[in-house]
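The block underneath contains the structure these notes are about, expressed in structure tokens.
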Amino acid sequence: MSNKYLVWKDASCNGQNIEWIDMNGTDFFHFLNSDEGKDRYFILLDNDVCPDDDVIFIEATEGQYNEWYKEYCHHCYLNRFYPEGGILSLDMSLSNEDVCSYHEIAVDVNVDVAGTAIDAAMINTLPYALSTLSPVRREAIRLKYFKYPNKSDAEIATLLFINAEAFEDRRRQAIRDLKNFYHGIR
Numbered sequence: 009m010s011n012k013y014l015v016w017k018d019a020s021c022n023g024q025n026i027e028w029i030d031m032n033g034t035d036f037f038h039f040l041n042s043d044e045g046k047d048r049y050f051i052l053l054d055n056d057v058c059p060d061d062d063v064i065f066i067e068a069t070e071g072q073y074n075e076w077y078k079e080y081c082h083h084c085y086l087n088r089f090y091p092e093g094g095i096l097s098l099d100m101s102l103s104n105e106d107v108c109s110y111h112e113i114a115v116d117v118n119v120d121v122a123g124t125a126i127d128a129a130m131i132n133t134l135p136y137a138l139s140t141l142s143p144v145r146r147e148a149i150r151l152k153y154f155k156y157p158n159k160s161d162a163e164i165a166t167l168l169f170i171n172a173e174a175f176e177d178r179r180r181q182a183i184r185d186l187k188n189f190y191h192g193i194r
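Put into structure tokens, the structure is as follows:
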């Protein structure tokens with residue numbers, strides 16, 4: 009497989025009576041970046057059937073390029089959704105006689121999709137939610153649930169040289185504020 013680069017000898021021929029120049033990759037790169045290569049259009053001739061075939065870059069008119077580009081984007085769009093094995097619809101019935109679909113076979117009753125999505129959204133918004141707390145309440149959450157998750161409120165209060173009830177109050181107020189934050193974004 010090789011790349012071929014075909015350029016019009018006369019840029020003003022507009023696709024009529026074409027004489028081609030066959031370039032190598034380096035020359036083509038320099039040509040595209042030169043003043044002579046500005047406002048010229050190239051089409052990629054490639055196929056999905058035989059990857060060992062040559063890949064050809066060929067000059068075209070603006071109209072030809074626009075038509076090719078539209079088809080190329082459509083082809084790329086379809087390839088994103090059609091994996092090599094194809095697509096299997098869950099709505100397709102198993103046979104002409106069966107009334108059940110793949111939905112009934114593939115269902116996993118142990119998975120809570122909505123709950124998983126809500127948990128993921130809450131985790132993604134947690135840094136913002138914490139930033140809405142006052143500094144002392146944010147510190148209470150950080151210490152209790154991130155830095156010292158295995159310590160009691162009293163032990164953390166001792167580390168801060170404050171009363172255990174004061175720390176517990178800060179933590180409870182912070183949790184209440186976080187609940188209000190998440191309740192407000194529903």
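Those letters in the sequence shown? Residues 9 to 194, per my numbering, in order.
Cβ atoms here follow ideal geometry from the backbone N, Cα and C, with glycine treated the same way.
All figures in this text were calculated on a predicted structure; none of them were measured in a lab.
By alpha-carbon positions, which one of the options ends up nearest to residue i?
i, options, result
"glutamate 67", "Ser10, Asp61, Met130, Asn22", "Asn22"
"phenylalanine 36", "Ile193, Ile64, Glu27", "Ile64"
"tyrosine 77", "Leu138, Ser97, Leu53", "Leu53"
"arginine 145", "Asn118, Ala122, Asp177", "Asp177"
"alanine 182", "Leu138, Asp116, Leu167, Tyr85", "Leu138"
"aspartate 69", "Asp62, Tyr49, Lys159", "Strictly speaking, residue 69 in this sequence is threonine, with aspartate absent from that position. Looking at the Cα atoms, Tyr49 is the closest of the given residues."
"tryptophan 28", "Asn74, Ile170, Trp16", "Trp16"
"serine 109", "Val117, Thr124, Tyr136, Asp99", "Asp99"
"serine 10", "Asn25, Ser20, Asp30", "Asp30"
"tyrosine 136", "Phe189, His82, Lys12", "Phe189"
"lysine 46", "Asn32, Asp62, Ser20", "Ser20"
"tyrosine 13", "Asn32, Gln24, Ile26", "Asn32"
"arginine 179", "Asp43, Leu141, Leu40", "Leu141"
Following the continuous beta strand (DSSP E) through residue i, name the residue where it begins and the one where it ends.
i, result
"tyrosine 49", "49-53"
"alanine 68", "63-68"
"lysine 187", "No beta strand (DSSP E) holds lysine 187; the alpha helix (DSSP H) holding it covers 172-192."
Could you confirm whether any beta carbon from chain C is found closer than 7 Å to the beta carbon of residue i?
i, result
"valine 144", "No chain C is part of this structure, which consists of one protein chain only."
Can you tell me which residues form a DSSP beta bridge with residue i?
i, result
"lysine 12", "Ile64"
"tryptophan 28", "Trp16"
"serine 109", "Ser101"
Along the chain, where does the alpha helix (DSSP H) that runs through residue i open and close?
i, result
"valine 121", "121-139"
"glutamate 163", "161-168"
"glutamate 147", "143-149"
"aspartate 35", "33-40"
Stretch pair the segment 152-166 + the segment 126-142: three plus CB contacts closer than 8 Å: no
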